[in-house]
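*Asks:* Protein chains in written order, with this note's numbering: chain L, 54 to 473; chain B, -8 to 348.
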């Protein structure tokens, strides 16, 4: 007993001594990157630099595996235990802002004037989160493939039309050199589906929800454009252009490098692997199915929790992290697209003429954020299931109708999700 | 109500205390919450206040209706047929979407249809996915309960012998039970893979390439069967051990007596072993049934309900809705429905297998 008392006394004493000596306010921060050593090293570096650069605040980070991160935040919010600084996946942010987990981010707007549009998390006309990087998707292939098939190289100014795209797939299919002409990444279930495939739907002229009001999906997800998209989508699998939902994840990860697929619809994070496999790897912009070439945007971003007592401290940290050298460090470390042109110039891959510079242009030119609404979280799930079902041969009109009903019922149950 | 049970049973309560506390905190209390929440519109993430909505969650899940369709007729009243000579029916979509004449069908989907003379009787479900989940779960239970129970008994009989090295077999049969179901599911995903999966390779080699590659988990007609087979294999060892414990309670003298009377092996099983296993059989059956109704991990890892809802199950839907789609009240309602189903079946099994005196 005496031992315990002595220990407690010693603890209390040291705490009392240490407290005023530091005179810094502690800010807690949660991050989704546990398990990724490079990413953790980068974010730790930013935090250490920040803590050393001033004497008002000290940031303490807790990291979570990405797969458990969102659940942890929701659980913490229900229990009233949110940290001061949160990181949040772009399309999820409106849900958390609406639910009262986050507060508008009080940073100097001029700091982010040059940032890629996809890195800014804006909901109800207020900035809630900001990303140090963005992500982009491109049609990955080899120059030799394009030459062998006699195909025009599409450019940002003049992307392939829908017909040109299908003609390219037909040409690749006719040679029989590949298992499938196109790899869409159907093995990557979850957010990949709405992120990578809803831009096709938008290029056809449809959308997941009607963005003019965000109160219904009727017409957007089951209108004529959406039906045309659905038929096209089904034909990709029915006619053997692309492997379907039972694609092996390993085939997705290495199939293009192994020469099993002629074209691969893949993100910038996988670009380095493709470049290492083939010198003549090229990244082509998304095809235009009539409503412009479109790719998804927005990756992980930083924001301030609603319960934080020190939003100014949290904002100070986020402003600090927005320095170009950190943007460049994240890009070099884990292959992400830096948020500004200035930072891009400092990176190995995204500098002018760099092997992945095209992704920066893709993000700047083609990117469209996923529907900015708290209901996106549910709509994305419904959309994913609808696309998987259509790929597996379900009736297109019935499936899209059912998806619309489910999204609309969810919007109604949530009182319209607070859209003004 | 002061009785011996409450007054002078302090020791008993102390023994029961920890279990009562844990069961109460982690089973009864959450279930009480689920029961209450299923009558509200509670969301996982929402700033909106929760309100009671009566039975609407249950109506949404269980709503079923029938619609009688007559074949389309042309101007002369003759039945319009398609290329294969089958009569053409009006599209169900015309009745279930924005049709002011049939508000009761709005938002429903066709579940299945049966021929009724010239007409077609279409059964509509308000929540088609949930209906499929119920059917799949029931099929799963109906196959797994007898097959797994029977197989476990066979294995138990096999290893209930005094042979050298029998413990090796006991260990092998029991091993899948000890391995996490998530790991087992991942391994079986590789085994079932159409991409050089073990099963396809084996079938191909054994049949000299006659059996074509099957996409076991990607084909709606084989997906549920594949999961059933894997699930039986995974948990059979557990029930084998229960059977084994039952076998070892049967006194060897009974077998000796039977042998002296000239009973054959089969007669020994039929008149000594099986009656001695009566209580074990009841236990195994009820445990398998309850476990089978809770089918979730295999689905979550291997198919996520697909392809085309062929492997949707009740618990997977409860989790998918409650957490994935943030609809806690809907997920709770599914849990309550599952509870009622399992309770009904367990009570029925208890009644049917009761000891008749």
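For every residue, glycine included, the Cβ atom is placed at its ideal position computed from N, Cα and C.
Tell me the rounded alpha-carbon separation between residue 219/B and residue 283/B.
*Replies:* As a working note, residue 219/B is residue 228 in the second chain. As a working note, residue 283/B is residue 292 in the second chain. Going from the Cα of residue 219/B to the Cα of residue 283/B covers about 10 Å.
*Asks:* Please classify residue 404/L: does DSSP put it in a helix, a strand, or coil?
*Replies:* Taking the first residue of the first chain as position 1, residue 404/L is located at position 351. Note: residue 404/L maps to coil in three-state DSSP.
*Asks:* Under three-state DSSP, which class holds residue 352/B?
*Replies:* With chain B represented from -8 up to 348, any question about residue 352/B goes unanswered, as that position is not in the structure.
*Asks:* Let me see if you follow: with CB-CB separation under 7 Å, is residue 36/B close to chain L or not?
*Replies:* Taking the first residue of the second chain as position 1, residue 36/B is located at position 45. Output row for residue 36/B: interface = yes.
*Asks:* Take residue 383/L and list the residues in its own chain whose beta-carbon comes closer than 6 Å to its own, dropping the five residues that flank it on each side.
*Replies:* Against the first chain, residue 383/L aligns to sequence position 330. Here the set comprises 95, 185, 186 and 389.
*Asks:* Under 7 Å, do residue 339/L and residue 348/L count as touching if we go by C-beta distance?
*Replies:* The residue labelled residue 339/L in the question sits at position 286 within the first chain. The residue labelled residue 348/L in the question sits at position 295 within the first chain. Yes, Cβ-Cβ distance for residue 339/L and residue 348/L is below 7 Å.
*Asks:* Should residue 221/B be listed as close to the ligand GDP, given that the test is whether its C-beta is under 6 Å from any heavy atom?
*Replies:* The model on display carries no ligand, and the ligand GDP is accordingly not part of it.
*Asks:* Can you list the beta strand (DSSP E) stretches of 3 or more residues lying completely in the stretch 286 to 342 of chain L, in chain order?
*Replies:* Within the stretch 286 to 342 of chain L, the complete beta strand (DSSP E) runs of at least 3 residues fall at 314 to 320 and 334 to 337.
*Asks:* Counting only beta-carbon atoms, is residue 152/L nearer than 7 Å to chain B?
*Replies:* Taking the first chain and counting its residues from 1, the one referred to as residue 152/L is at position 99. Yes, its Cβ sits closer than 7 Å to a Cβ of chain B.
*Asks:* What is the rounded straight-line gap between the Cα of residue 99/L and the Cα of residue 268/L?
*Replies:* Translated into the one-based positions of the first chain, residue 99/L becomes position 46. Translated into the one-based positions of the first chain, residue 268/L becomes position 215. Going from the Cα of residue 99/L to the Cα of residue 268/L covers about 41 Å.
*Asks:* Check the Cβ of residue 9/B against every Cβ in chain D and list those closer than 8 Å, keeping chain order.
*Replies:* Included in the structure are the protein chains L and B, with no chain D among them.
*Asks:* Buried or exposed: where does residue 342/L fall if 16 or more other Cβ atoms within 10 Å of its Cβ makes it buried?
*Replies:* Residue numbering aside, residue 342/L sits at position 289 when the first chain is read from its first letter. Result: buried.
*Asks:* Determine, for residue 283/L, whether the minimum Cβ-Cβ distance to residues of chain B falls below 7 Å.
*Replies:* What you label residue 283/L is simply residue 230 of the first chain in a count that begins at 1. No, its Cβ sits nowhere closer than 7 Å to a Cβ of chain B.
*Asks:* I need the DSSP call for residue 353/L, collapsed to helix, strand or coil.
*Replies:* The sequence position of residue 353/L within the first chain is 300, counting from 1. Of the three classes helix, strand and coil, the one that applies to residue 353/L here is strand, per DSSP.
*Asks:* From residue 74/L to residue 180/B, what does the alpha carbon distance come to, in whole angstroms?
*Replies:* Here residue 74/L is taken as the residue at index 21 of the first chain, counted from 1. Here residue 180/B is taken as the residue at index 189 of the second chain, counted from 1. With a pLDDT of only 45 at residue 74/L, under the threshold of 50, the placement of this residue in the model should not be trusted, and no figure is reported.
*Asks:* Just the Cα atoms here: how many angstroms apart are residue 245/B and residue 255/B?
*Replies:* Locating residue 245/B in the second chain gives position 254, where the first residue counts as 1. Locating residue 255/B in the second chain gives position 264, where the first residue counts as 1. Near 13 Å, if we compare the C-alpha coordinates of residue 255/B and residue 245/B.
*Asks:* Helix, strand or coil: how does DSSP classify residue 43/B here?
*Replies:* As a working note, residue 43/B is residue 52 in the second chain. Correct three-state label for residue 43/B: strand.
*Asks:* Buried or exposed for residue 170/B, please, with buried defined as at least 16 other CB atoms from any protein chain shown within 10 angstroms of its CB.
*Replies:* Locating residue 170/B in the second chain gives position 179, counting from the first residue. Result: exposed.
*Asks:* Run the CB neighbour count on residue 109/L, radius 10 Å, all protein chains shown included, and call it buried at 16 or more, exposed below.
*Replies:* For the purposes of this step, residue 109/L is taken as the residue at position 56 of the first chain. When all chains shown are included, residue 109/L counts as exposed.
*Asks:* If you measure between the beta carbons of residue 296/L and residue 233/L, is that distance less than 7 Å?
*Replies:* The residue given as residue 296/L occupies position 243 in the first chain. The residue given as residue 233/L occupies position 180 in the first chain. Cβ distance < 7 Å, so residue 296/L and residue 233/L count as in contact.
*Asks:* Can you give the beta carbon distance from residue 140/B to residue 279/B, rounded, assuming they're within the 8 Å contact cut?
*Replies:* Here the question's residue 140/B lines up with position 149 in the second chain. Here the question's residue 279/B lines up with position 288 in the second chain. Rounded, the Cβ-Cβ distance is 6 Å, consistent with contact.
*Asks:* Taking residue 127/L as the query, report the chain B residues whose CB atoms sit under 7 Å from its CB, ordered along the chain.
*Replies:* Here residue 127/L is taken as the residue at index 74 of the first chain, counted from 1. Residues of chain B passing the Cβ test: 35 and 36.
*Asks:* Give a yes or no on contact between the stretch 202 to 217 of chain L and the stretch 397 to 407 of chain L, applying the rule of three or more CB pairs nearer than 8 Å.
*Replies:* Segment contact: the stretch 202 to 217 of chain L against the stretch 397 to 407 of chain L, fewer than three CB-CB distances shorter than 8 Å; contact not assigned.
*Asks:* So which residues on chain B does residue 301/L lean against when the C-beta distance must stay under 7 Å?
*Replies:* Position 248 of the first chain, counted from the first residue, corresponds to residue 301/L. Correct list: 184 and 186.
*Asks:* Any residues in the stretch 197 to 212 of chain B with a beta carbon nearer than 9 Å to a beta carbon of chain L? Which ones, in chain order?
*Replies:* Under the 9 Å Cβ criterion, the stretch 197 to 212 of chain B contributes 206, 207, 208, 209, 210 and 211.
*Asks:* Run down chain B in chain order and give the residues with a C-beta less than 7 Å from the C-beta of residue 148/L.
*Replies:* Residue numbering aside, residue 148/L sits at position 95 when the first chain is read from its first letter. Those are 36, listed as they occur along chain B.
*Asks:* Is the Cβ-Cβ distance between residue 324/B and residue 29/B less than 7 Å?
*Replies:* Here the question's residue 324/B lines up with position 333 in the second chain. Here the question's residue 29/B lines up with position 38 in the second chain. In this structure, residue 29/B lies closer than 7 Å to residue 324/B by Cβ.
*Asks:* For residue 299/B and residue 275/L, which I take to be in contact (beta-carbon distance under 8 Å), what is that distance rounded to the nearest angstrom?
*Replies:* Position 308 of the second chain, counting from 1, holds the residue named residue 299/B. Position 222 of the first chain, counting from 1, holds the residue named residue 275/L. Contact between residue 299/B and residue 275/L does not hold, since their C-beta atoms are separated by about 19 Å, which reaches or exceeds 8 Å.
*Asks:* Is residue 226/L close to chain B? Criterion is C-beta to C-beta, closer than 7 Å.
*Replies:* One-based indexing of the first chain puts residue 226/L at position 173. For residue 226/L, the answer is no, since every Cβ of chain B falls outside 7 Å of its Cβ.
*Asks:* Rounded to the nearest angstrom, how far is the Cβ of residue 183/L from that of residue 375/L, given a contact under 8 Å?
*Replies:* Looking up residue 183/L in the first chain gives position 130. Looking up residue 375/L in the first chain gives position 322. Between residue 375/L and residue 183/L the Cβ distance is about 7 Å, and since that is below 8 Å, they are a contact.
*Asks:* Identify the contact partners of residue 430/L in chain B, using a Cβ-Cβ distance below 7 Å as the criterion.
*Replies:* For the purposes of this step, residue 430/L is taken as the residue at position 377 of the first chain. Here the neighbours are 317.
*Asks:* For residue 420/L, which beta-bridge partners are listed by DSSP?
*Replies:* Counting from one through the first chain, the residue named residue 420/L turns up at place 367. Note: residue 420/L sits in a beta bridge opposite 348/L.
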